[in-house]
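The letter at position 66 of the sequence shown is residue 48 when you use the numbering used here, and the numbering goes up by one with no holes. Each residue gets a CB set at the ideal place from its N, CA and C atoms; glycine is no exception. Remember, it's a predicted structure, so these values are computed and weren't measured experimentally. Structure first, then comments.
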Amino acid sequence: MKEQIKKVLKEIEDFEILTEENLENFRKNFLSKKGAIGELLENFKKLEKEEKKIFGADLNSLKKQAEEKFGVKKDSLVSGQEEKNDLDLSLPGQRMPQGSRHPLSIVQNTMINIFKEMGFSLSVGPEIEDDWHNFSALNFPENHPARDMQDTFFIEKDISLRTHTSSVQVRVMEENEPPIRTISPGRVYRNEAISARSNSFFHQIEGLYIDKGVSFADLKQTLFHFVQRFFGEKTEVRFRPSYFPFTEPSAEMDIYLGTGTEEDYRLTKGTGWLEILGCGMVDVNVLENCGIDPKVFSGFAFGMGIERITMFQYGVKDIRTLFENDKRFLDQFKTLT
Ligand code: PHE
């Protein structure tokens, strides 16, 4: 009996299990009723009591060993299979969907960087604004028709969605001593009919520069430099007299596109000139309203719509596509930063 147990033990140890078929054979050979261990057990039954005592423990551990080997190999075969299913190294990798910057952000960031290089800081303010910051401080007299220039979304009597980011500049002037050199980008709201060319909200960048002896020449040169950086060195500009309650004198600035293409003709209504911003010298009343002495300081301000310039830059024909978040539209800007 002892010899037999030894022999079977050696067989169990030597048995190679690499496949499921091996495993099944192992089970048949050793663990099934008719297998080697089964046979030993049958023989064991026939032994004398004394002999049973001697071989019982050996036989038991033999059986355990066989079961253990079976279990371990079975587990590793199953998990090996799972791994095999998971890992097909010939499969092409899964691409992570790549996002892209919104065209408005691209244009806005480019503008911010140009002004930053000129020493302008960045300021932001609330989109829900009180009457003082959006209108009164900016020299819009109460009930003055000038307030109709910008159709306003009112929330309460004296609270509205800001119609321009000039409101942020009032806050900056109230809180800081000149010299002030800042730009305020942000979303603004106007109660306008929505069409391909106008939306009820859009984005602006407004700039403000206040110091001793700031003149209209500084305004022109600053904006001229911006235009050269943004639209290209050869870009021609012109200033047309205009009116804003908060600047005096006021102007609008155009860049020259010409009428060479049908698109330029359409954009410039046949004149060749595209209006891109409003500007002017900060009105004396505005400086006073914000606690700045106009006898000591002067300044200029300007403001431009980001959508209009984005549409021109990228040939976007309908302003609404900028707000629909249609991935097919946005994906076109993937390579830009
Ligand atoms: N706030 C004006 C607008 O929204 C733009 C502007 C800013 C004009 C500063 C002049 C000076 O249209």
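- In the same chain as N116, and ignoring 5 residues on each side of it, the C-beta atoms closer than 7 Å to its own belong to S142, R144, T145 and S149, in chain order.
- Three or more Cβ pairs closer than 8 Å define a contact, and the segment 240 to 254 falls short of that threshold against the segment 270 to 286.
- Here the segment 296 to 312 makes no contact with the segment 204 to 212; the two share fewer than three CB pairs at distances below 8 Å.
- Short of 7 Å from the beta carbon of P160, and not among the five residues preceding or following it, lie these beta carbons of its own chain, in chain order: I192, D193, I274 and F279.
- If the five residues before and after L239 are omitted, its C-beta is found closer than 7 Å to the C-beta atoms of D246, L249, T250, G254 and L256, all from its own chain and listed in chain order.
- Ranked by Cα distance from S232, the first of L201, E289 and G81 is L201.
- Listed in chain order, the alpha helix (DSSP H) elements of length 4 or more contained wholly in the segment 114 to 159 are 148 to 157.
- Annotation for I94: L104, I165, P167 and I187 place their beta carbon closer than 8 Å to its own, counting only its chain and skipping 5 residues before and after.
- Under the criterion of beta carbons closer than 8 Å, S82 and K299 do not qualify as touching, at roughly 20 Å.
- DSSP places F294 in the uninterrupted alpha helix (DSSP H) bounded by I288 to Y296.
- Straight-line spacing of the CA atoms in S118 and T147 works out to 14 Å.
- For S232, the shortest C-beta to heavy atom distance toward the ligand PHE is below 7 Å.
- For T229, the enclosing beta strand (DSSP E) has its first and last residue at T229 to Y238.
- DSSP, reduced to helix, strand and coil, places P223 within a strand of the structure shown.
- At least one heavy atom of the ligand PHE lies closer than 7 Å to the C-beta of H146.
- T229 places its beta carbon less than 8 Å from that of A283.
- Here DSSP, grouped into helix, strand and coil, assigns M93 to helix.
- Under the three-state reduction of DSSP output, E174 falls in the coil class, being neither helix nor strand.
- Here the alpha carbon of S180 sits roughly 21 Å from the alpha carbon of S224.
- In the DSSP annotation of this structure, G252 is not part of any beta strand (DSSP E), being labelled neither H nor E.
- Where F311 is concerned, the enclosing alpha helix (DSSP H) starts and stops at K309 to L312.
- DSSP, reduced to helix, strand and coil, places T1 outside both helices and strands of the structure shown, so it counts as coil.
- Less than 8 Å separates the beta-carbon of E2 from that of L59.
- Proximity of the beta carbon of E188 to the ligand PHE is indicated: a heavy atom of the ligand is located closer than 7 Å.
- In this structure, DSSP gives R83 a state outside helix and strand, which the three-state scheme calls coil.
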